[in-house]
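>
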Amino acid sequence: MKMWTHVSDAALMDVLEGAAGDRVRDHVAACERCRTRVEDARAALDWTAQAAVPEPVPSYWEVFRRRVAYALVEAPAARSRRPLWVAAAVAGAAMIAVLMVGPAPVPVAPPATQVVPLPAWSALPPADEDPSLPILEQVAPTVAAATPSAFCSDVSECVVALTDDESRALADALRSQLPQGSTL
41 MKMWTHVSDA
51 ALMDVLEGAA
61 GDRVRDHVAA
71 CERCRTRVED
81 ARAALDWTAQ
91 AAVPEPVPSY
101 WEVFRRRVAY
111 ALVEAPAARS
121 RRPLWVAAAV
131 AGAAMIAVLM
141 VGPAPVPVAP
151 PATQVVPLPA
161 WSALPPADED
171 PSLPILEQVA
181 PTVAAATPSA
191 FCSDVSECVV
201 ALTDDESRAL
211 ADALRSQLPQ
221 GSTL
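Each residue of the sequence shown is one higher than the one before, counting from 41 in the working numbering.
Have a look at this one:
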């Protein structure tokens with residue numbers, strides 16, 4: 041039986057170790073190229089076997105032992121598949137619970153109650169019951185005539201616009217309103 045290809049590197053190692061099948065051994069015996077490869081590999085193995093490997097210094101084994109121990113301590117623990125199964129089971133249970141419960145009930149709005157408006161409240165008495173209204177009607181034209189024509193947006197604008205005499209009169213009026221012993 042003739043092989044159409046040469047032996048692979050793995051089959052070459054099998055030949056060297058004596059584990060190759062009959063078909064591979066027959067091919068190596070018949071094929072000059074494969075036989076040369078086997079002989080070269082056998083010579084290389086013999087050469088490496090004869091090489092003298094020096095024994096390491098005694099401290100090497102102590103350092104080696106420490107490094108192995110350190111690598112074992114630092115190596116991450118093998119992951120268990122159990123947490124993945126637990127997570128999958130919890131997710132499945134949650135999905136089943138959601139499906140079993142069903143959609144949430146739609147909230148129903150409470151019936152609308154009619155809002156009754158309250159009457160407007162005023163601090164002033166009704167016009168027909170107010171005894172001061174006729175007095176205000178008579179004073180209003182006088183107050184309007186006494187009001188300056190310039191409109192101030194706040195007190196500071198009005199005070200700044202006062203003349204010197206008006207400022208003194210305002211200060212005197214304010215002092216008269218202060219309790220005894222207080223100053224401006």
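Beta carbons: idealized from backbone N, C-alpha and C, even for Gly.
Just to confirm before moving on: does the CB-CB distance between L56 and R82 stay below 8 Å?
yes
> Taking its Cβ as the centre, do 16 or more other Cβ atoms sit within 10 Å of H67, making it buried, or is it exposed?
buried
> Does the Cβ of V155 have 16 or more other Cβ atoms within 10 Å, making it buried, or fewer, making it exposed?
exposed
> Comparing alpha-carbon positions, which option in T203, G221, V78, S216 lies nearest S48?
V78
> So, with DSSP's three-state summary, where would you put P165?
Three-state DSSP puts P165 in coil, outside helix and strand.
> Short of 7 Å in beta carbon distance, which residues of its chain neighbour L210, apart from the five on each side in sequence? Order them along the chain.
For L210, where only same-chain residues beyond five positions count, the Cβ hits under 7 Å are L202.
> Buried or exposed: L124, going by 16 or more other Cβ atoms within 10 Å of its Cβ?
Counting Cβ neighbours within 10 Å, L124 comes out exposed, since fewer than 16 surround it.
> Curious, which full-length alpha helix (DSSP H) runs of at least 4 residues does the stretch 59-115 contain?
With a minimum length of 4 residues, the continuous alpha helix (DSSP H) runs that stay inside the stretch 59-115 are 62-70, 72-90, 98-114.
> Report the rounded CA-to-CA distance for P219 versus A213, giving the unit in angstroms.
P219 and A213: Cα-Cα distance of roughly 12 Å.
> Confirm, please, whether the CB-CB distance from V64 to A51 is below 8 Å.
In this structure, the beta-carbon distance from A51 to V64 falls below 8 Å.
> In three-state DSSP terms, what is D170?
coil
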